[in-house]
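With the sequence shown counted from 1, adding 5 to any position gets you the working numbering. Even glycine gets a Cβ: it sits at the ideal position worked out from N, Cα and C.
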Amino acid sequence: MFRLLETIKLSRRNLCNLEYHQRRFNTSQRDLFGLNNKIDLSSEIKIPTGISDSVFKVRVLYSEIIHDVEFHPYIMRTIGSLQIVNGDEVNYSYKYEDRSNLQKLLCKCTADEVLIIKNGFVTDTSYSNIVFSKEGKFYTPSTYLLNGTKRQKLLDDGMILERDIALKDMLKYEKIFLINSMIDIDVQPGIAINQIKGVDII
C-alpha cells in the first residue's frame, strides 16, 4: 500500500498554514481512498513536551489512517544552481511518500537541483514549487506538478500571480525562487535566470 506525506512547518511550537495542509490531506484521502471521515490534523499531531521554539519539519505519513508523525530539526538547503531537465513522464499530482520518479531526475543533474520541464512548460523542482520575478512582481507556473500549500496561500493572499510559463519564455524573467511549506520567498536571494544550466539553448 502506498503512503502519502504532509510536511508541515513548526515554528515557536505553532503549526504553520495548517488549514492548507488539512485541506490537501482531506482531498487526498477522498480522491485516493474514497474517505470523507476528515481526520483532524490538529488533534493527531501531538507536539512533544519540552520541544524548543526552533523550526522543525513535521512529517505526517498516512494512507487511510495516519501511520506516523515525525519531528525533525530543520536546516534549509542551500541551492545555488539549477539545471533544466525533461520530466514529460513525471506524475506527482499527490504528495506521495515515494519520490523515486523525482529522484531519478536528480541522478542526471550536475547542479544543486533540477528545474523540471514537462511538455514544454515549466513545472517545479524536485522538492518545491517555483516563483519567477519580473519588475517587482512574482509569478508561479500554472503547470505545477504538485500544488503546494505555500504556493496556494501566496496565491490566495495576492502575493504571487499564476500564469502559463513555457520553457521558451523563461528568459523574460529576472530571477527564480523556490517555495514550499518550509521556505518563503524572502529568505533567499533567488537565482538569476541566465545562470540556470540549459537556459542558454532556449
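Which value, in whole angstroms, describes the spacing of the CA atoms of residue i and residue j?
i: residue 93; j: residue 73; result: 32 Å
i: residue 1; j: residue 96; result: The structure shown has nothing for residue 1, since the chain only spans 6 to 207.
i: residue 189; j: residue 182; result: 9 Å
i: residue 28; j: residue 184; result: 19 Å
i: residue 99; j: residue 30; result: 10 Å
i: residue 10; j: residue 66; result: 5 Å
i: residue 8; j: residue 68; result: 5 Å
i: residue 167; j: residue 113; result: 29 Å
i: residue 134; j: residue 151; result: 8 Å
With C-beta atoms as the reference, is residue i less than 8 Å away from residue j?
i: residue 186; j: residue 153; result: yes
i: residue 138; j: residue 118; result: no
i: residue 129; j: residue 122; result: no
i: residue 148; j: residue 169; result: yes
i: residue 25; j: residue 157; result: yes
i: residue 71; j: residue 44; result: yes
i: residue 165; j: residue 136; result: yes
Out of the options, point me to the one whose CA is closest to residue i's CA.
i: residue 58; options: 193, 173, 195 and 19; result: 19
i: residue 213; options: 115, 156, 175 and 166; result: Past the boundaries of the shown model lies residue 213; the chain is included only from 6 to 207, so the question cannot be answered.
i: residue 46; options: 202, 113, 34 and 200; result: 34
i: residue 197; options: 203, 179 and 191; result: 179
i: residue 199; options: 135, 25, 87 and 91; result: 87
i: residue 124; options: 49, 71, 159 and 90; result: 90
Quick check on DSSP: helix, strand or coil for residue i?
i: residue 7; result: coil
i: residue 154; result: helix
i: residue 32; result: helix
i: residue 109; result: helix
i: residue 199; result: helix
i: residue 90; result: strand
i: residue 24; result: helix
**Prompt:** If you pair each beta-carbon of the stretch 11-18 with each one of the stretch 61-77, do three or more pairs fall below 8 Å?
**Reply:** Touching, yes.
**Request:** Decide if the stretch 75-85 is in contact with the stretch 32-48; the criterion is three or more beta carbon pairs, one per stretch, under 8 Å apart.
**Result:** Fewer than three pairs of CB atoms, one per stretch, sit closer than 8 Å, so the stretch 75-85 makes no contact with the stretch 32-48.
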